[in-house]
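**Q** Quick one: this structure, given as structure tokens, is what I'll be asking you about.
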Amino acid sequence: MIRNYFKIALRNITRNKAYSLINITGLAIGMACCILITMWVVDELSFDRYHENAGRIYRVTHELTLGGTSRTAPLVSLPMAPALVEEYPEVINAVRLSRVPRTPVQYGDKVFYEEGILFADSSVFDIFSFPLVEGNPGNALAASYTAVLSEATARKYFGDEDPLGKTIIYNGSSYYTVTGVVKDVPRNSHFTFDILCSYKTLVEDQPWRSAWGNIGDFGYILLEKNADYRALENKLPALIDKHLGDALKQVGASLKLFVQPLTDIHLHSNMVGELGSNGNIVYVYLFSGIAVFILLIACVNFINLATARAASRAREVGMRKTFGAMRSKLIRQFVSESILFCFLAVILSLVLLELFLPLFNSIAGRELSVSFWRSPWFIPGLLGLVLLVGLAAGSYPAFYLSSFQPIRVLKGDLKSGRSNARFRSVLVVFQFTISIALIAGTVIIYNQLNYVRSVNLGFQQDQVVVISNMNKFQLYQQESFRNEMSGLAGVVDVTLSSGVPGKSGGYLQNFLPEGFSEDQSQLVRVMKIDEHFLSTLGIELASGRNFSEEIASDSVESVLINETAAAMFGWDEAIGKIIKQPDTQSPERDYISHKVIGVVKDFHINSLHEPIEPLIITSKYEPWLETIRNLSVRLAPGNIRNTMDLIKDRWSAFSSNLPFDYFFLDETFARQYREDERLGNLVLSFSLLAVIIGCLGLLGLSSFTAEQRTREIGIRKVLGASMTGIVRLLLKEFTLLVLAANVIAWPLAYFVMKRWLEGFAYHTDIGPGTFIVTGLIALAIAILTVSYQAVRAAVLNPVKALRHE
Amino acid sequence: MIQLKDITRFYKAGSVNTYVLRRINLDIREGEHICIMGPSGAGKSTLLNIIGMLDEASEGEYRFLDYDVHGLKEKQRSQLYKEFIGFVFQSYHLIDELTVYENLETPLLYKKIKSSRRKSMVCDTLDRFQIVGKKDLFPSQLSGGQQQLVGIARAIIAEPKLILADEPTGNLHSEEGKKIMELFTRLNEEGVTIIQATHSEQNAAYSKRIIYLRDGWLVDKL
Chain A
2 MIRNYFKIAL RNITRNKAYS LINITGLAIG MACCILITMW VVDELSFDRY
52 HENAGRIYRV THELTLGGTS RTAPLVSLPM APALVEEYPE VINAVRLSRV
102 PRTPVQYGDK VFYEEGILFA DSSVFDIFSF PLVEGNPGNA LAASYTAVLS
152 EATARKYFGD EDPLGKTIIY NGSSYYTVTG VVKDVPRNSH FTFDILCSYK
202 TLVEDQPWRS AWGNIGDFGY ILLEKNADYR ALENKLPALI DKHLGDALKQ
252 VGASLKLFVQ PLTDIHLHSN MVGELGSNGN IVYVYLFSGI AVFILLIACV
302 NFINLATARA ASRAREVGMR KTFGAMRSKL IRQFVSESIL FCFLAVILSL
352 VLLELFLPLF NSIAGRELSV SFWRSPWFIP GLLGLVLLVG LAAGSYPAFY
402 LSSFQPIRVL KGDLKSGRSN ARFRSVLVVF QFTISIALIA GTVIIYNQLN
452 YVRSVNLGFQ QDQVVVISNM NKFQLYQQES FRNEMSGLAG VVDVTLSSGV
502 PGKSGGYLQN FLPEGFSEDQ SQLVRVMKID EHFLSTLGIE LASGRNFSEE
552 IASDSVESVL INETAAAMFG WDEAIGKIIK QPDTQSPERD YISHKVIGVV
602 KDFHINSLHE PIEPLIITSK YEPWLETIRN LSVRLAPGNI RNTMDLIKDR
652 WSAFSSNLPF DYFFLDETFA RQYREDERLG NLVLSFSLLA VIIGCLGLLG
702 LSSFTAEQRT REIGIRKVLG ASMTGIVRLL LKEFTLLVLA ANVIAWPLAY
752 FVMKRWLEGF AYHTDIGPGT FIVTGLIALA IAILTVSYQA VRAAVLNPVK
802 ALRHE
Chain B
116 MIQLKDITRF YKAGSVNTYV LRRINLDIRE GEHICIMGPS GAGKSTLLNI
166 IGMLDEASEG EYRFLDYDVH GLKEKQRSQL YKEFIGFVFQ SYHLIDELTV
216 YENLETPLLY KKIKSSRRKS MVCDTLDRFQ IVGKKDLFPS QLSGGQQQLV
266 GIARAIIAEP KLILADEPTG NLHSEEGKKI MELFTRLNEE GVTIIQATHS
316 EQNAAYSKRI IYLRDGWLVD KL
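From first to last, the protein sequence lines stand for chains A and B.
Residue 754 in my numbering is what sits at position 753 of the first sequence, and the numbering runs on without skipping anything.
Residue 174 in my numbering is what sits at position 59 of the second sequence, and the numbering runs on without skipping anything.
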């Protein structure tokens, strides 16, 4: 019996080639999207789960509230992690990680800038599953000035040499002995590293770190099996109270610690200062939704086409019933037929997947590979998909087709599908609703990206090149190099600063602005600049003056603030106001006073996702706050390559041959929107696919309606209808459906995209223009698709059409 | 075998009932060869459909063998189709996607007959109808007469007790029609009950009993 069904199905497929092609292609594209998104989602969900202890590892984070503002960060202070192990029996182990900025590392004559350097306790190997290829995990990082390299990094420096026992030079001046080689960190980790240096080095060399209040490291803890991390979290206020209670009270601050499961970090944590750029659970939901919807669009095609051409199967149904076939048998036949369709489609979808995976990877910034196919549940998953789609797409047609009464279909008076036309209309509206919503989403995302690129940032970002490793030099060296640079041909201006827009880096410090009592400290970010900063970056003063070399008091006493800071402190006239800062070096907790000499207009130091923060800008002579890392050079337009060569030469001479490491300010600033651009490109791709699948269905459907109405069209023509009149008649039906879909899709897209836009502190509004454009696009696509059939039907000789009956 | 008692069939058209059959009383014994005659619209096909249980009477009583047809469930009805009834249609209604062989095989599949026996039954039937050479052709590759031959072959392959034929020769020219009627006569001699609806006096001549229908009434003579 199955063979009989199979034969019929196969012959139907080969006999109606156009129909089968539309159906199978549509389903295949839908399935390929679905598999692709599933692969992506599975990858997202797999983050950090490869650790043997994954379910027992937690990260400790904090929330600091000061002067009415709260900051959360995934950071703790040096003594916190060991204290947790000591005081709470359920905490078995802890590891501290400390991140350092891009640093040159040297072995022999090889020097590379390393982004991925972490300082770590040796317990890192006990807690996480980072297997050592060489060296002893028990003591690899136990001593100070030891380092463990990833396999790739070791190969980069040592080639075929044995790395163990070799010495690498960190930042030109510190010597680290290589004590181990670790397997490269899997890509699906919320943090990766190339070099681990022993945390003990920091403990010994930077004693100021050991203060309880000096929060700047990452802390991970390993809990006992079945320990309740929320219960632990509830016990932590006591720990803070014991060690920091008085100090916090003094400045009117509160500090809370949180315990965060490792496996939640990638998708649920998006704090300032994460170790890597994390994913977002919302996108997981969003894309899962898109996958389901695209698959549904493909299923709808199948349903629509199958019911539209039901008449051609009706006689078979009637005959089978007179043979004594039960309806259930017929349902089974048609469902297995649609499963066969899906099976063919899934094979095609794998071909599509193989072809388009590299493209998807480049759009999504992933390295998904077909090796994924070897996973044990891939084949069952695929078969499950075939069954699922087969049932979803095949059930309705099966029920519909099997419901035919033999007496009616065998008499040949089946009124082909008028009653079903309404149901099909609903489905077409559904398809177009999804397509239109996706198109609208795309338009809105691109609008916003366009906006963030064109908005006035408050500084001039073009043609500024930044050398960002000035911190290993003394101030006088930095200044002499700055002066040398400013004399170069093709250089407009040069400045030294701690941070630059797009890479602020500065820490939050607590300050006591004038008019605030001692327990009302304010948490403000600090930046350190020289007197050329404003002119080089084109930042304007709102009032007051810039730092000046001529005025001696400017060196340490004066500060600039931005407009937001002035507003935060409630100052109408900020010039001359005093900002005090606790002197952490003095045991009596004295205050250092700064006088505000100028207010700069707000400029975006972070991406437009973040609101502009209050900012205190100190002069380059200020001894404690921040370090000067960056030298920014504004280039004259034209011949930039020449100027760059000049700068490079000077740098080599100045730095005694450190590699020339630089970035362009505008590129770095734009990179902050990379994830948003990815999202935009992904949504664009998927909406294109949704539209293609939808159009395939529309094409098929319109050819059937045109066929069904051949006689009607013939009669109309005989009665004198013009060709355009006929085309209009055929277009009208689908045009109305697309318009209806627009009405449903607009609010849908509006509410979803509004939430996305709220992720930007500065964003465009969703105007009616967006929707009108979207609607017109959808309408144009639909009309273009349908008009092919409409015109074909309209030019048909009426004699032929009428003979057809 | 078949007892129709006061069978009436009407269709609702708005508030008016359009009568197609009116109070038909009919007894048909096993082994009969009956011809239903009447002009177009007299209700021949409707009567045949009701006998074949493809349609249901609006009023009246219908007993097929020992079953009260009115109360039958889908399952029992399909059981009766499988066991007892073969249909032959004016426009053949072969399944276009299947070859002659496969078309013949299909009813056997629903009867759950084993593969080897199915094969021999199909081969016997092909032999008997002398269409062995055509077994791999599709319906569209056959002439009308050949298609109807296959249609009948398909109707009798499952060895039904009753063959219902609705204008079996309506689309055929007279020579082909004659062959089909001779075939029916031979089947009837083998014990199969045959009921056919037809316009053709020529066909009626082959049957042993003729009933006349006019405007839904059973009449003695046209």
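Every residue, glycine too, gets a C-beta built ideally from N, C-alpha and C.
Please read these numbers as outputs of a predicted model, since none were measured by experiment.
1) Would E212 of chain B pass as an interface residue toward chain A - the criterion being a Cβ-Cβ separation below 8 Å?
2) Just the Cα atoms here: how many angstroms apart are A346 of chain A and R756 of chain A?
3) Mind checking which residues open and close the beta strand (DSSP E) that includes A95 of chain A?
4) L1 of chain A and V527 of chain A: beta carbons closer than 8 Å?
5) Does the region 52 to 67 of chain A come into contact with the region 25 to 38 of chain A, if we say contact requires no fewer than three beta-carbon pairs (one atom in each stretch) closer than 8 Å?
6) Are the Cβ atoms of L223 of chain A and L119 of chain A separated by less than 8 Å?
7) What does Y177 of chain B pair with, by DSSP beta-bridge criteria?
8) Is it the case that the Cβ atoms of C35 of chain A and L450 of chain A are separated by a distance below 8 Å?
9) Taking only runs that begin and end inside the region 196 to 256 of chain A, name each unbroken beta strand (DSSP E) of 3 or more residues, in chain order.
10) Taking the alpha carbon of F259 of chain A as the reference point, which residue from A:E611, A:G571, A:H63 has its own alpha carbon closest?
11) Which of the residues in the region 186 to 202 of chain B, read from start to end, lie with their CB under 9 Å from any CB of chain A?
12) Are any of the Cβ atoms in chain B nearer than 8 Å to that of G395 of chain A?
13) What whole-angstrom Cβ distance do H191 of chain A and D49 of chain A have, given they're in contact under 8 Å?
14) Give the residues of chain B in contact with E708 of chain A, contact being defined as C-beta atoms less than 9 Å apart.
15) Could you pull out every residue in the same chain whose Cβ sits closer than 8 Å to the Cβ of L302 of chain B, ignoring the five residues on either side in sequence?
16) Our contact map puts G325 of chain A next to K197 of chain B with C-beta atoms below 8 Å; I'd like the distance itself, whole angstroms only.
17) Tell me the rounded alpha-carbon separation between P208 of chain A and Q475 of chain A.
18) If you follow the alpha helix (DSSP H) that M272 of chain A is part of, which residue opens it and which one closes it?
19) Taking just the CA atoms, how far does T193 of chain A sit from G277 of chain A?
20) If we ignore side chains and look at the alpha-carbon of each, how far apart do Y158 of chain A and D44 of chain A end up?
21) Give the range of the beta strand (DSSP E) segment to which L333 of chain B is assigned.
22) Within 8 Å (strictly less), CB to CB, does N164 of chain B reach chain A?
23) Please name the residue in A:S688, A:N137, A:K236 whose C-alpha comes closest to that of G290 of chain A.
24) Is there contact here, the region 294 to 310 of chain A with the region 153 to 166 of chain B, by at least three beta-carbon pairs under 8 Å?
25) I694 of chain A to G27 of chain A, Cα distance in whole Å?
26) Please list the residues of the region 312 to 338 of chain A that have a C-beta atom closer than 8 Å to any C-beta atom in chain B, keeping them in chain order.
27) Tell me where the beta strand (DSSP E) around S620 of chain A begins and ends.
28) Restricting to Cα atoms, I'd like to know which of A:S376, A:S339, A:L439, A:S363 is closest to G391 of chain A.
29) I want to verify the contact list: residues of chain A whose CB lies under 7 Å from the CB of P222 of chain B, in sequence order.
30) In this structure, does DSSP put R12 of chain A in helix, strand or coil?
31) What residue from A:R710, A:V134, A:L133, A:V465 has the CA that sits closest to F534 of chain A's CA?
32) May I ask you to list the residues that DSSP assigns as paired with K812 of chain A?
33) So which residues of chain B does N13 of chain A contact, with C-beta pairs closer than 9 Å?
34) Does any C-beta atom of chain B lie closer than 8 Å to the C-beta of R310 of chain A?
35) For a cutoff of 8 Å on Cβ pairs, would you count E217 of chain B as touching chain A?
36) Quick check on DSSP: helix, strand or coil for S436 of chain A?
**A** Let me spell this out:
1) yes
2) Their Cα atoms are separated by approximately 36 Å.
3) Per DSSP, the continuous beta strand (DSSP E) segment holding A95 of chain A begins and ends at 92 to 100.
4) Because chain A spans 2 through 806 in this model, residue 1 of chain A falls outside it and cannot be assessed.
5) no
6) The answer is no: Cβ separation not under 8 Å.
7) B:L119
8) In this structure, C35 of chain A lies away from L450 of chain A, with their beta-carbon atoms at least 8 Å apart.
9) Runs of the beta strand (DSSP E) inside the region 196 to 256 of chain A: 196 to 199, 216 to 224.
10) When the alpha-carbon of F259 of chain A is set against those of A:E611, A:G571, A:H63, the nearest one is in A:H63.
11) E189, K190, R192, S193, Q194, L195, Y196, K197, E198, I200, G201, F202
12) no
13) 6 Å
14) Residues of chain B whose Cβ lies closer than 9 Å to the Cβ of E708 of chain A do not exist, since the nearest Cβ in that chain is about 17 Å away.
15) Apart from the 5 residues on each side of it in sequence, L302 of chain B sits with its Cβ closer than 8 Å to the Cβ of I271, I278, I309 in its chain, given in chain order.
16) 3 Å
17) 21 Å
18) Looking at the DSSP string, M272 of chain A is not in any alpha helix (DSSP H), and its letter there is neither H nor E.
19) 8 Å
20) 31 Å
21) 332 to 334
22) With 8 Å as the cut-off, N164 of chain B counts as an interface residue toward chain A.
23) The option with the nearest alpha carbon to G290 of chain A is A:S688.
24) no
25) 5 Å
26) R316, E317, G319, M320, R321, K322, T323, F324, G325, A326, M327, R328, K330
27) Annotation for S620 of chain A: the continuous beta strand (DSSP E) segment containing it runs 616 to 620.
28) Proximity to G391 of chain A across A:S376, A:S339, A:L439, A:S363 peaks at A:S339, based on C-alpha coordinates.
29) Ordered by position in chain A, the residues that pass the 7 Å Cβ test against P222 of chain B are F324.
30) helix
31) A:V465
32) A question about residue 812 of chain A goes unanswered here, because the residues of chain A that appear run from 2 up to 806.
33) E212
34) no
35) yes
36) Helix at S436 of chain A.
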